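A.B. asks: So for the sequence shown, this note's numbering puts the first residue at 1; every next one is plus one.
C-beta: ideal position from N, C-alpha, C; glycine also.
These figures come from a predicted structure and were not determined experimentally.
Please find one structure pasted underneath; my questions will follow.
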Amino acid sequence: MAQLIDGKAIAARIRAEVQADVERLKASRGLVPGLAVVRVGEDPASKIYVTGKKKAAEEVGFHSWEHALGADITQDELLARVRQLNADPAVHGILVQLPLPKHIDAERIIAAVSPEKDVDGFHPVNAGRLSLGQPGLRPCTPFGAMRLLAEVSCAPAGKRAVVVGRSNIVGKPMALMLLQADATVTICHRKSDLPREVAQADILVVAVGVPELIQGEWIKPGAVVIDVGMNRKADGKLVGDVAFQAAAQRASAITPVPGGVGPMTIAMLMRNTFIAASGGV
Ligand code: NAD
């Protein structure tokens, strides 16, 4: 039976580390990191996410502000708000909660955030820095997944890593981070032969959004499995993209859903905001 990778406990430890770093920063430079979260409209899931981020920010000792804007805000008004936050020296991190209403071009809004304050790591400059192997703010979810690998002493160097899913926020940056860590990386998508590719993986990261797509029998014995998926089934149960029970029979370590990657995302957002505030990218 695989070792369970306890993302909840690891995330709590990271938040405690950030809190200690904030205290040191306050003492040494009189600086308090500030995180501004912008939310547009009344999407209930976005409200829950933003509340969680704000609470975590307060717990680690940041200043935090929620900018709750009406669904009818124009693109220009939203751009103006982002520019105002870019110019505010008390704000070190800016996060625009996605999705945005349809009449707003999300790519333009993301590109308007100063790359130095882009704590989501979605700005084209930060994506470019990652692909060039340069320091920069990294997307929180794959950044957290890398930390989970480190926590189970899984060094990617020389290993075969397979990433299923190629989204700009998870799959692609995940593959680049693994490559940067000297893994041999394969990226899979809808046209890939999943059973064949998955069978090669010493490290398997799945970010697809299809409940239990990856069957346990495909997994290489001893693989480390990171399941990013979060899918709500008809009975209300939350499941990942990997058939957990069967996968746990073959893997050496595996993340549960919930309680694996999920809690890491907010923890790494706190880490990113600290990095942005302390100028330590
Ligand atoms: P997305 O929809 O943007 O991307 C999904 C990717 O999976 C696409 O690249 C697509 O090509 C690929 N894909 C879809 N169906 C496939 C199939 N049948 N076979 C192979 N590839 C397939 O999704 P995303 O934003 O990357 O999120 C993926 C999952 O991760 C979702 O369940 C999401 O809820 C979850 N997620 C969790 C966190 C977290 O904090 N834990 C953060 C982000 C996303």
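With a threshold of 7 Å on Cβ separation, who are the neighbours of P221 within its own chain once the five nearest residues in sequence on each side are excluded?
C.D. replies: Translated into positions along the sequence shown, residue 221 becomes position 221. Same-chain partners within the cutoff: R250.
A.B. asks: In its own chain, which residues sit with a C-beta less than 6 Å from the C-beta of G236, not counting the 5 before and 5 after it?
C.D. replies: Position 236 of the sequence shown, counted from the first residue, corresponds to residue 236. So the list is empty, once near-sequence residues are dropped.
A.B. asks: Could you work out which residue in R271, G279, G52 and A276 is closest to I14 when comparing CA atoms only?
C.D. replies: In the sequence shown, counting from the first residue as 1, residue 14 sits at position 14. Out of R271, G279, G52 and A276, R271 has the C-alpha closest to the C-alpha of I14.
A.B. asks: Helix, strand or coil: which one does DSSP assign to Q134?
C.D. replies: Residue 134 sits at position 134 when you count from the first residue of the sequence shown. Coil.
A.B. asks: Assuming I214 is part of the beta strand (DSSP E), what are its boundary residues?
C.D. replies: Numbered from its first residue, the sequence shown carries residue 214 at position 214. I214 -> no beta strand (DSSP E), and no H or E assigned at all.
A.B. asks: With burial defined as no fewer than 16 other Cβ atoms inside 10 Å of the residue's Cβ, what is the status of M264: buried or exposed?
C.D. replies: Numbered from its first residue, the sequence shown carries residue 264 at position 264. Per the 10 Å Cβ criterion, buried.
A.B. asks: In the DSSP assignment, what residue or residues form a beta bridge with Q3?
C.D. replies: Mapped onto the sequence shown, residue 3 falls at position 3. According to DSSP, which records beta bridges pairwise, Q3 is partnered with A253.
A.B. asks: Less than 8 Å between the CB of L194 and some heavy atom of the ligand NAD, yes or no?
C.D. replies: Mapped onto the sequence shown, residue 194 falls at position 194. Yes, Cβ of L194 sits closer than 8 Å to a heavy atom of the ligand NAD.
A.B. asks: Output the boundary residues of the alpha helix (DSSP H) element that contains I266.
C.D. replies: For the purposes of this step, residue 266 is taken as the residue at position 266 of the sequence shown. In the DSSP assignment, I266 falls within the alpha helix (DSSP H) that extends over G262 to S278.
A.B. asks: Under 8 Å: do the stretch 160-167 and the stretch 203-218 share three or more Cβ pairs, one atom per stretch?
C.D. replies: Yes, since at least three Cβ pairs between the stretch 160-167 and the stretch 203-218 fall closer than 8 Å, the two stretches touch.
A.B. asks: Just list the residues that DSSP pairs V163 with in beta bridges.
C.D. replies: Start at 1 with the first residue of the sequence shown, and residue 163 comes out as number 163. I187 and V205, per the DSSP bridge assignment.
A.B. asks: Work out the CA separation of A56 and R196 for me, nearest whole Å.
C.D. replies: Taking the sequence shown and counting its residues from 1, the one referred to as residue 196 is at position 196. Taking the sequence shown and counting its residues from 1, the one referred to as residue 56 is at position 56. Approximately 41 Å between the Cα atoms of the pair.
A.B. asks: Please report the residue range of the alpha helix (DSSP H) in which L148 lies.
C.D. replies: Walking along the sequence shown from the start, residue 148 turns up at place 148. Taken as a continuous stretch (DSSP letters only), the alpha helix (DSSP H) holding L148 covers C140 to E151.
A.B. asks: Might you give, ordered along the chain, the residues of its own chain that have their beta carbon closer than 7 Å to the beta carbon of V50, omitting 5 neighbours on each side?
C.D. replies: By one-based count along the sequence shown, residue 50 stands at place 50. Within the same chain, V50 has close Cβ partners V37, R39, E66 and Q97.
A.B. asks: Taking 8 Å as the cut-off, is the beta-carbon of S278 closer than that to any non-hydrogen atom of the ligand NAD?
C.D. replies: As a first step, residue 278 must be located in the sequence shown, where it is residue number 278. S278 has its Cβ no nearer than 8 Å to any heavy atom of the ligand NAD.
A.B. asks: For the ligand NAD, is there a heavy atom less than 8 Å away from the beta-carbon of T141?
C.D. replies: On the sequence shown, residue 141 is found 141 positions in, with the first residue counted as 1. It does: the Cβ of T141 is within 8 Å (strictly closer) of some heavy atom of the ligand NAD.
A.B. asks: Could you check if S46 belongs to the surroundings of the ligand NAD, using beta carbon to heavy atom distance under 8 Å?
C.D. replies: Position 46 of the sequence shown, counted from the start, is the residue given in the question as residue 46. Incorrect: S46 has no Cβ contact closer than 8 Å to the ligand NAD.
A.B. asks: What are the boundary residues of the beta strand (DSSP E) that includes S192?
C.D. replies: Within the sequence shown, residue 192 is the residue found at index 192, counting from 1. Per DSSP, S192 belongs to no beta strand (DSSP E) and is neither H nor E.
A.B. asks: Per DSSP, what kind of secondary structure is I94 in: helix, strand or coil?
C.D. replies: Counting from 1 along the sequence shown, the entry for residue 94 is found at position 94. Note: I94 maps to strand in three-state DSSP.
A.B. asks: For C154, which option in C140, A127 and A183 has the closest C-alpha, if you only look at C-alpha atoms?
C.D. replies: Here the question's residue 154 lines up with position 154 in the sequence shown. Nearest C-alpha to C154: A183.
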